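Read in numbering that gives the first Met the number 0, the sequence shown has 551 at position 552, and its numbers run on one by one without any break.
The beta carbon of each residue, even a glycine, is placed where N, CA and C say it ideally should be.
These numbers were taken from a predicted model, which means no experiment stands behind them.
Right, one structure below, let's go through it.
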Amino acid sequence: MNLNDDSLNEIEFEDRETVRRRVEEKRARRHGKHRRRGGHGHRGPGCLIFLIAVIIAFAVMAGLIIGAVKGGILDDIGASTKSADRSGLFGLTDDSQVGIILNDSYIEETAITSGDKVYLPMELVLEKLNAWFYYDSNEKLLLYSTPTETLQWTPGDGNVLEQDGRVWISLELVSSYTDIFVSDLMTDPARIVIRNEFGKKTTAKVTKTAPVRVFDSKKSDVITKASKGDEVRIVSSNNIWSMIETVDGYLGYIKNNRLASFNEGEESAPLNAPDLSYENISYDGKIILGWHQVMNVDANSTISSVLSSDKAMNVISPTWYSLTDTEGNISDISSASYSASAHDAGVKVWAVVDNFNASGFNATDDTYEVLSYTSKRQKLINTLVSSVAASGADGINVDFEQLSGETGLHFAQFVKELYIVAHAQGLAVSVDNYVPKAYSMLYHREVQGVVCDYVVIMGYDEHTAGSDESGPVASIDFVREGIEDTEVDVDPSKVINGIPFYTRIWEEENGSVKNSSAVGMSEAAAFVRNHSLTTAWDEGAGANYAEGTSGNTTYRVWLEDAQSISQKFSVMDANNVAGAAFWKLGLEDPSIWDLIASYASGQ
Numbered sequence: 000m001n002l003n004d005d006s007l008n009e010i011e012f013e014d015r016e017t018v019r020r021r022v023e024e025k026r027a028r029r030h031g032k033h034r035r036r037g038g039h040g041h042r043g044p045g046c047l048i049f050l051i052a053v054i055i056a057f058a059v060m061a062g063l064i065i066g067a068v069k070g071g072i073l074d075d076i077g078a079s080t081k082s083a084d085r086s087g088l089f090g091l092t093d094d095s096q097v098g099i100i101l102n103d104s105y106i107e108e109t110a111i112t113s114g115d116k117v118y119l120p121m122e123l124v125l126e127k128l129n130a131w132f133y134y135d136s137n138e139k140l141l142l143y144s145t146p147t148e149t150l151q152w153t154p155g156d157g158n159v160l161e162q163d164g165r166v167w168i169s170l171e172l173v174s175s176y177t178d179i180f181v182s183d184l185m186t187d188p189a190r191i192v193i194r195n196e197f198g199k200k201t202t203a204k205v206t207k208t209a210p211v212r213v214f215d216s217k218k219s220d221v222i223t224k225a226s227k228g229d230e231v232r233i234v235s236s237n238n239i240w241s242m243i244e245t246v247d248g249y250l251g252y253i254k255n256n257r258l259a260s261f262n263e264g265e266e267s268a269p270l271n272a273p274d275l276s277y278e279n280i281s282y283d284g285k286i287i288l289g290w291h292q293v294m295n296v297d298a299n300s301t302i303s304s305v306l307s308s309d310k311a312m313n314v315i316s317p318t319w320y321s322l323t324d325t326e327g328n329i330s331d332i333s334s335a336s337y338s339a340s341a342h343d344a345g346v347k348v349w350a351v352v353d354n355f356n357a358s359g360f361n362a363t364d365d366t367y368e369v370l371s372y373t374s375k376r377q378k379l380i381n382t383l384v385s386s387v388a389a390s391g392a393d394g395i396n397v398d399f400e401q402l403s404g405e406t407g408l409h410f411a412q413f414v415k416e417l418y419i420v421a422h423a424q425g426l427a428v429s430v431d432n433y434v435p436k437a438y439s440m441l442y443h444r445e446v447q448g449v450v451c452d453y454v455v456i457m458g459y460d461e462h463t464a465g466s467d468e469s470g471p472v473a474s475i476d477f478v479r480e481g482i483e484d485t486e487v488d489v490d491p492s493k494v495i496n497g498i499p500f501y502t503r504i505w506e507e508e509n510g511s512v513k514n515s516s517a518v519g520m521s522e523a524a525a526f527v528r529n530h531s532l533t534t535a536w537d538e539g540a541g542a543n544y545a546e547g548t549s550g551n552t553t554y555r556v557w558l559e560d561a562q563s564i565s566q567k568f569s570v571m572d573a574n575n576v577a578g579a580a581f582w583k584l585g586l587e588d589p590s591i592w593d594l595i596a597s598y599a600s601g602q
């Protein structure tokens with residue numbers, strides 16, 4: 000294509016015009032945008048007001064939400080309104096039962112009503128409320144012993160029921176002899192609140208009526224409602240919920256935001272129970288008691304020779320009495336002249352009554368038969384105390400061994416009743432006990448510690464004729480543990496520790512015990528010398544240990560001598576016991592009395 004100059008100029012002009020227009024259009028568009036933006040700028044105050052309004056609306060909404068949370072308004076959203084099975088909380092199955100809250104817990108045991116009275120199961124009373132009550136199921140008697148008398152009630156007298164094979168004691172009677180709080184009887188369902196644990200407590204005021212639930216969840220069923228102004232007891236708390244005891248006798252959970260005015264205070268026990276302060280007979284200085292085995296009346300004449308050699312002894316206990324049958328009868332070889340001789344020497348007499356020396360008497364079964372009947376106990380006690388008083392003796396030493404577990408409560412009641420009759424005659428009461436172990440818990444040292452004048456530990460027989468392995472009769476740890484464990488229940492001022500005047504000579508073959516024999520201190524020492532046994536101090540046993548072999552027989556002896564008994568005295572002094580008792584007189588090396596005299600004088 001051929002173009003001349005004019006044509007080129009014309010094209011260039013048109014292009015320039017086109018470019019110019021496009022530039023102006025772009026400028027116009029930019030200007031228009033700025034103008035629109037400028038137009039919004041002119042409407043700026045309205046926009047600010049709108050934003051502020053939005054912020055205020057959100058703030059109001061947030062405040063309402065926060066207020067709703069704090070005020071508990073949202074608590075009801077999704078919350079259960081279902082009523083809980085209130086009878087089920089207490090395990091009630093019929094209308095005659097009464098539910099129990101004990102010390103801030105629902106308990107499985109239930110009470111019953113008869114007439115206008117509430118009755119508690121005897122097991123609950125004895126195990127959790129007042130173990131001082133005692134029930135004689137043979138003679139149908141409920142007993143309660145004080146230091147001066149034994150009170151009794153019978154089924155049908157309004158205080159005791161026998162129903163459905165169980166014994167029930169009226170709540171009114173229990174509360175009269177027990178330091179407990181008992182609420183009024185509440186209904187629908189029938190329930191009571193009992194408390195016998197006191198001390199620190201926390202309470203709070205309910206700020207707004209709110210549901211009390213079975214568990215700490217708003218999905219949990221509703222037990223009751225706590226009303227605004229109620230003062231409730233706080234049992235436990237977490238960040239959101241508290242378990243409370245309500246004023247209408249329920250335990251359940253409430254939201255913490257419904258509680259205020261928390262208060263911590265002290266709660267004292269109501270003083271309902273009779274005074275059980277037992278006045279005890281006590282002697283000045285340390286008790287040094289020797290058991291004197293007297294097997295017949297004529298043996299009482301040995302008192303003079305016994306007293307002449309035992310310079311430090313201030314109490315002697317002759318074995319005068321034994322249970323003989325299941326009716327509460329006893330054998331009696333007491334002697335007024337014996338007591339007179341002892342008193343002339345400045346020695347008190349505590350007559351022993353045992354349950355294992357009479358021929359044909361079974362210590363386990365027959366003792367149960369005697370002690371489980373109130374009439375038989377009374378016969379035994381009255382006969383015993385009358386004879387001891389007539390003999391001129393100063394006290395009674397009870398040595399009932401091999402008791403069964405079922406005899407335990409009867410034995411404890413026997414001790415309470417013996418105290419009353421014996422103290423009326425001015426007689427001291429002491430009881431011999433095995434060292435505290437599971438098998439000896441039945442002797443109820445906690446009762447002895449309250450009632451008895453002295454509690455004696457038979458701190459020996461660690462190893463006996465029936466033991467499968469050789470060992471000492473009273474190692475130092477055995478003695479220490481016996482004393483320390485006894486003093487958990489008994490004041491040290493009442494504790495007398497028994498020490499053996501004997502040991503055992505053990506014979507073994509092929510590492511097994513073949514035989515053992517109990518011998519006195521002097522006889523054991525002579526055996527060691529005569530058999531040329533090698534002797535060395537056994538630190539673990541706290542005794543001199545002798546060993547030797549003759550043929551296939553190995554002999555082992557843990558000696559009781561001045562060195563071992565001195566160690567026992569040190570443990571006894573460290574535990575502040577009242578004194579020592581020795582089984583038995585006649586088995587000792589006479590020279591040991593010098594050491595005993597030093598112990599007695601505190602040297």
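Residue burial annotation: E416 is buried, with at least 16 other C-beta atoms found within 10 angstroms of its C-beta.
In this structure, the beta-carbon distance from T223 to T245 falls below 8 Å.
Taking each of P146, V570, K254 and E538 in turn and checking the Cα distance to F413, the smallest one comes out for P146. Between V192 and G251, the CB-CB gap reaches or exceeds 8 Å.
Taking the Cα of N432 as reference, the smallest distance to any Cα among D398, V205 and V231 is reached at D398. The C-alpha of G510 is placed about 57 Å away from the C-alpha of T177. G394 is positioned such that its CB atom lies no closer than 8 Å to that of A344.
The alpha-carbon separation between I168 and Y453 amounts to approximately 33 Å. Secondary structure of W505 (DSSP, three-state): strand.
Residue pairing of N543 in beta bridges, as defined by DSSP: W536 and L558.
As computed with DSSP, N432 is found in a beta bridge with I456.
Annotation: R257 is outside any beta strand (DSSP E) and is labelled neither H nor E by DSSP. Considering only D490, E368 and P589, the residue with the shortest C-alpha distance to M520 is P589.
Annotated as proximal: F355 and E400, with beta-carbon spacing under 8 Å. Annotation for V234: D103, S241, M242, I243, E244 and L250 place their beta carbon closer than 8 Å to its own, counting only its chain and skipping 5 residues before and after.
Rounded to the nearest whole angstrom, the C-alpha separation of S276 and Y418 is 13 Å. DSSP places W152 in the strand class (E or B) of the three-state scheme. Counting only runs of 3 or more residues that sit fully inside the stretch 569-600, the beta strand (DSSP E) segments are 578-582, in chain order.
For the pair of segments examined, the stretch 473-493 was found to touch the stretch 434-441: the number of CB pairs separated by less than 8 Å reaches three. Linking W290 to L160 through their CA atoms gives a straight-line distance of about 46 Å. Linking N299 to P269 through their CA atoms gives a straight-line distance of about 53 Å. Annotation: G465 is outside any beta strand (DSSP E) and is labelled neither H nor E by DSSP. A389 and S321 have their C-alpha atoms roughly 17 Å apart.
In the structure shown, M185 adopts extended strand secondary structure according to DSSP, grouped into three states. Listed in chain order, the non-local C-beta contacts of T382 below 7 Å within the same chain comprise I329, local neighbours out to five positions each way being set aside.
Just so you know, the alpha carbons of R555 and K513 end up roughly 12 Å apart. Under the three-pair Cβ rule at 8 Å, the stretch 573-590 counts as touching the stretch 499-510. Residue state for E263 is assigned as strand, using DSSP reduced to three classes.
Per DSSP, reduced to three states, the secondary structure at N551 is coil, with no helix or strand assignment. Here F214 is exposed, its C-beta having fewer than 16 other C-beta atoms within 10 Å.
Selection D476, A423, L408 and S549 evaluated against H443 yields L408 as nearest (Cα-Cα). Considered as a whole, the stretch 157-231 harbours 159-162, 165-169, 190-194, 198-205, 209-212 and 221-225 as its complete beta strand (DSSP E) runs of no fewer than 3 residues, in chain order.
For M242, DSSP records a beta bridge to S235 and Y252. Between the alpha carbons of L594 and M312 lies a distance of about 12 Å. Straight-line measurement puts the Cα of V351 at about 17 Å from the Cα of A339.
D484: member of the alpha helix (DSSP H) spanning I475 to T485, first to last residue.
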